[in-house]
Each structure stands twice: as C-alpha cells, then as structure tokens.
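Protein sequence lines, in the order shown, are assigned to chains A and B. 137 is the number of the first residue of the first sequence in this note's numbering; add one for each residue after it. 10 is the number of the first residue of the second sequence in this note's numbering; add one for each residue after it.
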Amino acid sequence: NSKVIQTPRYLVKGQGQKAKMRCIPEKGHPVVFWYQQNKNNEFKFLINFQNQEVLQQIDMTEKRFSAECPSNSPCSLEIQSSEAGDSALYLCASSPGQGGAEQFFGPGTRLTVL
Amino acid sequence: GDQVEQSPSALSLHEGTGSALRCNFTTTMRAVQWFRKNSRGSLINLFYLASGTKENGRLKSAFDSKERYSTLHIRDAQLEDSGTYFCASNSGTYQRFGTGTKLQVVP
Chain A
137 NSKVIQTPRY
147 LVKGQGQKAK
157 MRCIPEKGHP
167 VVFWYQQNKN
177 NEFKFLINFQ
187 NQEVLQQIDM
197 TEKRFSAECP
207 SNSPCSLEIQ
217 SSEAGDSALY
227 LCASSPGQGG
237 AEQFFGPGTR
247 LTVL
Chain B
10 GDQVEQSPSA
20 LSLHEGTGSA
30 LRCNFTTTMR
40 AVQWFRKNSR
50 GSLINLFYLA
60 SGTKENGRLK
70 SAFDSKERYS
80 TLHIRDAQLE
90 DSGTYFCASN
100 SGTYQRFGTG
110 TKLQVVP
C-alpha cells in the first residue's frame, strides 16, 4: 500500500535527550507531513514541507522540534530535549500535492521517553 | 477549531453481517480518507474521496462535503476485517483525524 519508509521503528530516550527520526517519502511525492499519535489514538499535526520548504507548523514544533527535508536525503524530525509527554507514535506521510491530496503513511517511529 | 467526530468508538459484528461507521465534520472539508490500522500498526489506505461514493469489495464509502459527513459501510464482515478504522478529513492543509472505531468481528 504505502511506500513511505520510517526509521527507526522504535526509539527509547531519557528525558532531556535528543530524539531523531527519519522518513523517506514515496518517490515523486513533494509534500511531507509529520503527525504525532498518542496512546488515546489522537492525532496531532506537527509540520509539513513541500520539497525543502516548511509549509505549516504548530507552535510546539517551532519551539521544541527541529525538522528538515533536504534534497536527496531523508526528511527528519528531531526533538531537541525529550519530555515524558513526547512518548508517542510519530507518523510521516507523503502526498503528491497540496490542497487536500491523498496522503500515504509510513509505519511510524514509536518513541518512549523514560 | 476544526473537529472530526467518529462513531461508534467500538463495534462488534458477527461474521457475515454489516454495519456503518460515520464521521461528522464541524467545517466544510475538501476530501476525506478512510484507513485501517493493520496488525503491524501501519495505516492502510482504504478510500480517498473528494465527493460521492466509492466501493471496493465489501467496503463502500460516501462523502457529502455539503452536509459535512462521511460513512464507511462494511458488509459480509470477515474475521480479518477486525482492527481499528480511522477517518481523516482534509480542508486543504493537513489532515484531521477521528479517534477511531475499534471493530471486532466474531464467529
């Protein structure tokens, strides 16, 4: 179904540590999204890119996360200083376009902050 | 803000029967997607609709942007249909997800 690749599948960090995860979008998809899914199945949009440019991001992402989508390299999302509340499934999705186009999701990176 | 209300939160079906899941949106959306979370935890795309209805095997989905809702109908449910189903709406930027319907199909 989806060809989005996310690594690592599992990540365990201590509080205050950096946590970095990567995403390779489907070939030909210029738009990449990051979402956070908590244990209550609630999804939160974090940031999206078109090619290398940030389209939108929420306040939390701007303050505590570092994200990029360099050309010819995987996209990445990094939490600068992990907190217990960051424990969640981080999902990357790619899309062939903006404006409501279909999104395809990777398997996610499950982050546990001890 | 924009919200997606998904119902029911849980559903139990006997094999061979059917039912419908529904998502209501608080604002007009451009498109809706339906997903199923598989046994490995990955979101599998079931449907993408900008309007109207689509059918795939025993699944059928409808989206009415004017009335702000979408439905997913399952007929002749099989054991392998068990899992968690999510709708997600898109107003043109990022997706807003429902909180899921946990479906259990029993013999």
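For every residue, glycine included, the Cβ atom is placed at its ideal position computed from N, Cα and C.
- residue 196(A) - DSSP class collapsed to helix/strand/coil: The residue labelled residue 196(A) in the question sits at position 60 within the first sequence. Three-state result, residue 196(A): helix.
- From the DSSP output, read off the bridge partner residues of residue 82(B). Taking the first residue of the second sequence as 1, we reach residue 82(B) at position 73. Per DSSP, the beta bridge partners of residue 82(B) are 29(B), 69(B).
- Query: Helix, strand or coil: which one does DSSP assign to residue 219(A)?
  - Reply: What you label residue 219(A) is simply residue 83 of the first sequence in a count that begins at 1. Residue 219(A): coil per DSSP, three-state reduction.
- Do residue 37(B) and residue 86(B) have their C-beta atoms within less than 8 Å of each other? For the purposes of this step, residue 37(B) is taken as the residue at position 28 of the second sequence. For the purposes of this step, residue 86(B) is taken as the residue at position 77 of the second sequence. Not in contact: residue 37(B) and residue 86(B) (Cβ atoms no closer than 8 Å).
- Task: Anything in chain B within Cβ reach of residue 244(A), meaning under 7 Å, just list it in chain order.
- Result: Locating residue 244(A) in the first sequence gives position 108, where the first residue counts as 1. Chain B residues near residue 244(A): 50.
- Message: Give me the residue from 83(B), 17(B), 114(B), 103(B) with the minimum Cα distance to residue 55(B).
- Response: As a working mapping, residue 55(B) is identified with position 46 in the second sequence. Of the listed residues, the one whose Cα sits closest to residue 55(B) is 83(B).
- Message: In this structure, how does DSSP classify residue 250(A) when only helix, strand and coil are distinguished?
- Response: As a working mapping, residue 250(A) is identified with position 114 in the first sequence. Secondary structure of residue 250(A) (DSSP, three-state): coil.
- Message: Is there a C-beta anywhere in chain B that falls below 8 Å from the one on residue 208(A)?
- Response: Within the first sequence, residue 208(A) is the residue found at index 72, counting from 1. Residue 208(A) does not count as touching chain B.
- Item | Other residues of its chain near residue 158(A): CB distance less than 6 Å, five sequence neighbours each side excluded | Position 22 of the first sequence holds residue 158(A). So the qualifying residues of the chain are 143, 210, 212.
- Under 8 Å, do residue 173(A) and residue 234(A) count as touching if we go by C-beta distance? Within the first sequence, numbered from 1, the residue matching residue 173(A) stands at position 37. Within the first sequence, numbered from 1, the residue matching residue 234(A) stands at position 98. Contact: no.
- Report all residues from its chain with a CB closer than 8 Å to the CB of residue 18(B); omit the five preceding and five following residues, and keep chain order. In the second sequence, the residue the question calls residue 18(B) occupies position 9. Setting aside the 5 residues that flank it on each side, residue 18(B) is surrounded in the same chain by 108, 109, 110, 111, each with a C-beta closer than 8 Å to its C-beta; the list follows chain order.
- Query: Taking Cβ-Cβ distances shorter than 9 Å, what residues in chain B pair up with residue 138(A)?
  - Reply: Stepping through the first sequence from its first residue, residue 138(A) is reached at position 2. Within chain B, the residues near residue 138(A) are 51, 52, 53, 54.
- Can you grab the Cα-Cα spacing for the pair residue 147(A) / residue 43(B), in whole Å? Sequence index remark: in the first sequence, residue 147(A) carries index 11 (1-based). Sequence index remark: in the second sequence, residue 43(B) carries index 34 (1-based). For the pair residue 147(A) and residue 43(B), the Cα-to-Cα distance works out to about 28 Å.
- Give the single residue among 156(A), 206(A), 180(A) whose Cα lies nearest to the Cα of residue 189(A). Within the first sequence, the letter at position 53 stands for residue 189(A). When each option's Cα is compared against that of residue 189(A), the closest is 206(A).
- Task: Look at the alpha carbon of residue 245(A) and the alpha carbon of residue 163(A), and state the distance between them as a whole number of angstroms.
- Result: Counting from 1 along the first sequence, the entry for residue 245(A) is found at position 109. Counting from 1 along the first sequence, the entry for residue 163(A) is found at position 27. Answer to the nearest angstrom: the Cα atoms are 20 Å apart.
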